[in-house]
Amino acid sequence: MGMLVRAALLMSPLLFCSAFLHLTGPNEIEGMWKGSATLPCAYVPAKDFVQQKLTWSVEHDQTSGTIFQRDASGDHILVAEYRDRVSVPKDAPGNVSLHILNLEVSDRGTYSCQVTWRDSSNSLIAKEITMKLEVVKVAVTKPVIRAGELGLRVPGPATCVASGSPPISYRWFRSAPGGKALLLSSQAELRWDSLQPSDAGKYYCEAANRAGAGAAQRSDAVELTVRGLPVTAVTSANDVGCPEQNCTTPTLGAARTRLPLYLVILVAVLCSAVVFLVISLIVCIRKPKDAQVYEVKFHTSRAAASRCDSTGHYEEPISATENNYVMEPVKNKTSEEINMKNEYDCLGNTQESVYEVGDTV
Numbered sequence: 002m003g004m005l006v007r008a009a010l011l012m013s014p015l016l017f018c019s020a021f022l023h024l025t026g027p028n029e030i031e032g033m034w035k036g037s038a039t040l041p042c043a044y045v046p047a048k049d050f051v052q053q054k055l056t057w058s059v060e061h062d063q064t065s066g067t068i069f070q071r072d073a074s075g076d077h078i079l080v081a082e083y084r085d086r087v088s089v090p091k092d093a094p095g096n097v098s099l100h101i102l103n104l105e106v107s108d109r110g111t112y113s114c115q116v117t118w119r120d121s122s123n124s125l126i127a128k129e130i131t132m133k134l135e136v137v138k139v140a141v142t143k144p145v146i147r148a149g150e151l152g153l154r155v156p157g158p159a160t161c162v163a164s165g166s167p168p169i170s171y172r173w174f175r176s177a178p179g180g181k182a183l184l185l186s187s188q189a190e191l192r193w194d195s196l197q198p199s200d201a202g203k204y205y206c207e208a209a210n211r212a213g214a215g216a217a218q219r220s221d222a223v224e225l226t227v228r229g230l231p232v233t234a235v236t237s238a239n240d241v242g243c244p245e246q247n248c249t250t251p252t253l254g255a256a257r258t259r260l261p262l263y264l265v266i267l268v269a270v271l272c273s274a275v276v277f278l279v280i281s282l283i284v285c286i287r288k289p290k291d292a293q294v295y296e297v298k299f300h301t302s303r304a305a306a307s308r309c310d311s312t313g314h315y316e317e318p319i320s321a322t323e324n325n326y327v328m329e330p331v332k333n334k335t336s337e338e339i340n341m342k343n344e345y346d347c348l349g350n351t352q353e354s355v356y357e358v359g360d361t362v
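The sequence shown begins at 2 in our numbering and counts up by one.
This is the structure in structure tokens:
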């Protein structure tokens, strides 16, 4: 009897740890091709029991092996095709789930999660669970447009959302007259930097992936309406301090037009240039008071001198080939004085001619 009690006391820690150190996880997991999947495996940590070793192994149709192992030396990925694609949380006690990225069809199979603990008496306790992973190709679903801010003057992006095996490609279109469509973007988001009234219309997006044999799924069309510019508060003598929502903008006829500053400066410069041009023309046309008077000196031959008549008035020579004249400025003389001098010169030339004829006779 005493031996039985002693044996029961020795086995009680094992029964205790068996009740708490229990692995939990599903029997089957389904992952999407080219997507990611998490194979759950967890336990409730117990005092005086330390995780000693963790092993994840897989059994495919014809092959099997250990793909991940964690021990006192760290984490080790033992199968090359899983390198850089599998991981296990480190800072989550009791969570030893396996996370697989970029699933391939060859990843399907039966996976085993095995955990070994060491108790305070250096005894080792191991638990194991298995689960089946199936990798499926999922065609893209009908996309949905998420655009809660459509219609605002400066809206945020509109997003096209669809599910299915990644990668999923997106395209945005805008309906045009005649049943045509204008391609706007090849991204999941459609943005407007500055929305204009001309941007109003119907928009839709398409989504496609390789699992669906390239067949694109189209979303429902969304009507984009562009609201008018916000009303600006106007303060006048009659409604000083009125709330913004109660103030109205003046009508086009009553509104005063304000020219931009650069246009005002341009008009002022043009006006100044015109005034300066008019003043310059007036100064140039007006004859200065100290303008010089030029005296015309004729150097004539005897034949040319005979053009003076008997009254002493000078007549212009018929031929100018023998006459040379120069323009010389005469100070303090008027045009009348110069004309009189020309008449005296003419009279003198006439007398000289008469004298020469008499002397010949």
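Quick reminder that beta carbons are idealized off the backbone N, C-alpha and C, glycines included.
As the structure is a computational prediction, the values presented were derived from the model and not from experiment.
(message) Just verifying my parser: in three-state terms, what is the DSSP assignment at D76?
(response) Look at D76 here: in three-state DSSP terms it is strand.
(request) Would you kindly work out how many angstroms separate the C-alpha atoms of Q70 and T56, rounded to a whole number? (result) Near 5 Å, if we compare the C-alpha coordinates of T56 and Q70.
(message) Alpha carbons only, please: which of G179, H61, N123, H77 is nearest the one belonging to S113?
(response) H61
(message) Short of 6 Å in beta carbon distance, which residues of its chain neighbour M33, apart from the five on each side in sequence? Order them along the chain.
(response) V139, S166
(request) Tell me, please, whether the segment 185-196 touches the segment 119-127 by the rule of three or more beta-carbon pairs shorter than 8 Å. (result) no
(message) For M33, would you say it is in contact with chain C, using Cβ-to-Cβ distances shorter than 8 Å as the test?
(response) The chain inventory of the structure shown lacks chain C, comprising one protein chain alone.
(request) Identify every residue that forms a DSSP beta bridge with Y171. (result) A208
(request) Have a look at G179 and S164 and give me their C-alpha separation to the nearest angstrom. (result) 31 Å
(request) Flag this pair as yes or no: are the beta carbons of G202 and S176 separated by less than 8 Å? (result) yes
(message) Helix, strand or coil for S186? Go by DSSP, reduced to three states.
(response) strand
(request) Tell me, please, which residues DSSP counts as bridged to C161. (result) I146
(message) Going by DSSP, what residue range makes up the alpha helix (DSSP H) through V59?
(response) Counting along the chain, V59 falls outside any alpha helix (DSSP H), though it belongs to the beta strand (DSSP E) covering 51-60.
(request) Give the straight-line distance between the Cα atoms of V51 and D76, rounded to the nearest whole angstrom. (result) Note on geometry: alpha-carbon atoms of V51 and D76 lie some 17 Å from one another.
(request) Following the continuous alpha helix (DSSP H) through C42, name the residue where it begins and the one where it ends. (result) Per DSSP, C42 belongs to no alpha helix (DSSP H) and is neither H nor E.
(message) Between the alpha carbons of A159 and A189, how many angstroms are there, rounded?
(response) 8 Å
(message) Within 8 Å, do at least three Cβ pairs link the segment 92-101 to the segment 140-148?
(response) Flag = no, the segment 140-148 and the segment 92-101 do not touch.
(request) State the beta-bridge partners of A127 as determined by DSSP. (result) The partner list for A127 (beta bridge, DSSP) reads T117.
(message) G66 and V45 - do their beta-carbons sit closer together than 8 Å?
(response) No, Cβ-Cβ distance for V45 and G66 is not below 8 Å.
(request) Look up G202 in the DSSP assignment and give the residues it is bridged to. (result) In the DSSP output, where bridge partners are listed per residue, G202 has L225.
(request) Rank R84, I130, V136, V162 by C-alpha distance to the C-alpha of R109 and give the top, closest one. (result) V136
(request) Apply the 10 Å Cβ neighbour rule to P144 and answer buried if 16 or more other Cβ atoms are within range, or exposed otherwise. (result) buried
(message) Let me confirm a value: A209 is counted as buried when at least 16 other C-beta atoms fall within 10 Å, else exposed. Which label applies?
(response) buried
(request) Measure the CB-CB distance between S186 and L102 and report whether it falls below 8 Å. (result) no
(message) Just to confirm my understanding: we take H314, look at its own chain, exclude 5 residues before and 5 after, and list those with CB closer than 6 Å. What are they?
(response) With a pLDDT of 49 at H314, under the threshold of 50, the predicted position of this residue should be treated as unreliable, and no value is reported.
(message) Just list the residues that DSSP pairs S220 with in beta bridges.
(response) As DSSP reads the structure, S220 sits in no beta bridge.
(request) Measure from the alpha carbon of C42 to the alpha carbon of each residue in G215, T131, L104, V87, then state which is nearest. (result) That would be T131, whose Cα lies nearest to the Cα of C42.
(message) Judging by CA-CA distance, which residue of R86, Y171, Q115 is the nearest neighbour of E105?
(response) R86
(request) Leaving aside the five residues before and after Q115 along the sequence, list all residues of the same chain whose C-beta is less than 6 Å from its C-beta, in chain order. (result) T56, E129
(message) In the DSSP assignment, the beta strand (DSSP E) including L99 goes from what residue to what residue?
(response) 99-101
(message) Taking the straight line between their C-alpha atoms, what separation do you get for K35 and P168?
(response) 7 Å
(request) Return helix, strand or coil for E105, following the three-state DSSP convention. (result) coil
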